[in-house]
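For the sequence shown, counting from 1, position 303 maps to 303 in full-length UniProt numbering; every step adds exactly one.
Note sheet for the following structure.
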Amino acid sequence: MLKKTVALLLSLFIIPAFSACGSTNNKIAASSTAGSSTAGQVSTALSKKVKVSVTFNAMKEFTEAVGKEKVEISTIIPDGTEPHDFEPKAKDLTGLSSAQVFVYSGFGMESWADKAIEAADNKNLVAVEASKGATPIQNTDTDEIKEHGQYDPHIWISLKGAETEAKNIRDGLVKADPSSADYFKQNCDSFISQLESLYSEYNTKFHDAKNRSFVTGHAAFAYLCRDFGLKQNSVEDVFAEGEPSAQKLAGLVDYCKKNNVKTIFVEDMVSPAVSQTLANQIGAKVEQIYTIESGEDHKTYLERMKSNLNEIYDSLSR
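Structure below.
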């Protein structure tokens, strides 16, 4: 009888104890699950970036400036490849099938863009022609028009052109991710403010420059010239094709002497040999200038444009 009584009393204490333990364990489990869920939500929020496919370096620079931490960018044309000559293969365009935004400059720079968009068969893809709304500079050479189209495509080598392209990219990112609209607009405004500051600085300098002509490796700087009322002449044409004839080279020598040109500019993507020959004939020096078609010297767009403007201004002041 005593054993039964003890057993009964023990059971009265043990059952609530197990019940309490079970409750505690459930709370711990629930807490753990909730913590895991919260961590997962935070992780998802942090990793939720707009996937953007861009054509070449300048488009990457502008997209980074506007999108910053909220974009994940892949570039179709590799650094070191001449964009004018680039013909994408199927493997180069695989990213478009899963991208949310596709940024290309336009004005004929990427003649394959429309076909690439169609081939991607991505109904959610936001295609951004970054030069849309800008006023193009017409090509005048009949052969160039026949092969490359009617426009000079180098709109991005212009602070005013960069503003237009940044705004179009902003609008594309907002369309893809409306919840981040304020973030993209703020970044875009900040970038444009920097562009305008640089423009104002050099617009004042160029306004007082007596000499307004400079010579480059290829004719990529017409939009920059339009920004500041300058004039370029070049060793190669707008699309960096071929070497000049003896007649053209002789004409460049005369032009340089007449316009007191003391600097011949060369670019990474264009062979410097002819430019060096020209410089030797007129007693000029050769300096680097950036086309921002490819990544160069680990410098940002603004750093390279400032370098361009500074070099050109110095050459006009000699």
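Backbone N, C-alpha and C fix where the C-beta goes; we use that ideal spot for every residue, glycine too.
Put simply, the segment 196 to 208 touches the segment 309 to 316. At least three CB pairs are less than 8 Å apart. Within the same chain, Cβ atoms closer than 7 Å to the Cβ of Phe-86 are found at Ile-77, the five residues on either side in sequence being excluded. Burial check for Ala-246: the Cβ neighbour count within 10 Å stays below 16, so the residue is exposed.
Here Asn-57 is buried: its Cβ has 16 or more other Cβ atoms, across all protein chains shown, within 10 Å. Boundaries for Gln-186: no beta strand (DSSP E) harbours it, while the alpha helix (DSSP H) harbouring it runs 181 to 207, taken from the DSSP string. Separation of the CB atoms of Ser-105 and Trp-156 is rounded to 6 Å, and the pair is thereby assigned contact status at 8 Å.
Asp-141 sits exposed, since fewer than 16 C-beta atoms from the chains shown fall within 10 Å of its C-beta. Burial check for Gln-100: the Cβ neighbour count within 10 Å reaches 16 or more, so the residue is buried. Rounded to whole angstroms, Asn-211 and Gly-229 show a C-alpha spacing of 11 Å.
By the C-beta density criterion, Lys-167 is buried, having at least 16 other C-beta atoms within 10 angstroms. In this structure, Ser-158 and Leu-224 form a Cβ contact; the two beta carbons are roughly 5 Å apart against a cut-off of 8 Å.
When C-alpha distances from Ser-53 are compared across Val-126, Ser-111, Met-109, Asp-121, the shortest belongs to Val-126. The residue among Ile-289, Glu-64, Asp-121, Ser-275 with its C-alpha nearest the C-alpha of Lys-185 is Glu-64. Look at the beta carbons and you see the segment 188 to 203 touching the segment 301 to 311: at least three pairs across the two are nearer than 8 Å. Per DSSP, the continuous alpha helix (DSSP H) segment holding Tyr-255 begins and ends at 246 to 258. In the three-state DSSP reduction, Phe-102 falls in the strand class (E or B).
An exposed status is given to Ser-98, since fewer than 16 other beta-carbon atoms sit within 10 Å of its beta-carbon. Between the alpha carbons of Lys-285 and Thr-263 lies a gap of roughly 5 Å. Ala-273 is classed as exposed because its beta carbon has fewer than 16 other beta carbons within 10 Å across all chains shown.
Nearest neighbour of Ser-294 by Cα position, chosen from Leu-249, Ile-169, Ala-279, Gly-80, turns out to be Gly-80. Under the DSSP assignment, Ala-220 falls outside any beta strand (DSSP E); it carries neither an H nor an E label.
Beta-bridge partners assigned by DSSP to Tyr-151: Gln-138. Taking each of Glu-296, Asp-92, Lys-115 in turn and checking the Cα distance to Ser-74, the smallest one comes out for Asp-92. Its chain contains Gly-217, His-218, Glu-236, Ala-240 as the residues whose beta carbon lies nearer than 7 Å to that of Val-270, once the 5 sequence neighbours on both sides are disregarded; these appear in chain order. In the DSSP annotation of this structure, the continuous segment of the beta strand (DSSP E) that includes Thr-263 starts and ends at 263 to 266. The continuous alpha helix (DSSP H) containing Asn-308 extends over residues 301 to 317. A check of alpha carbon separations from Gln-281 across Asp-268, Asp-254, Glu-296, Ala-90 identifies Asp-254 as the nearest. Taking C-beta separations shorter than 7 Å and ignoring five residues to either side along the sequence, the partners of Lys-51 in its chain run Glu-72, Ser-98, Ala-99, Gln-100, following chain order. For Ser-213, same chain residues with a beta-carbon under 6 Å away, outside a window of 5 residues either side, are Lys-231, Asn-259 in chain order. The three-state secondary structure of Thr-164, taken from DSSP, is helix.
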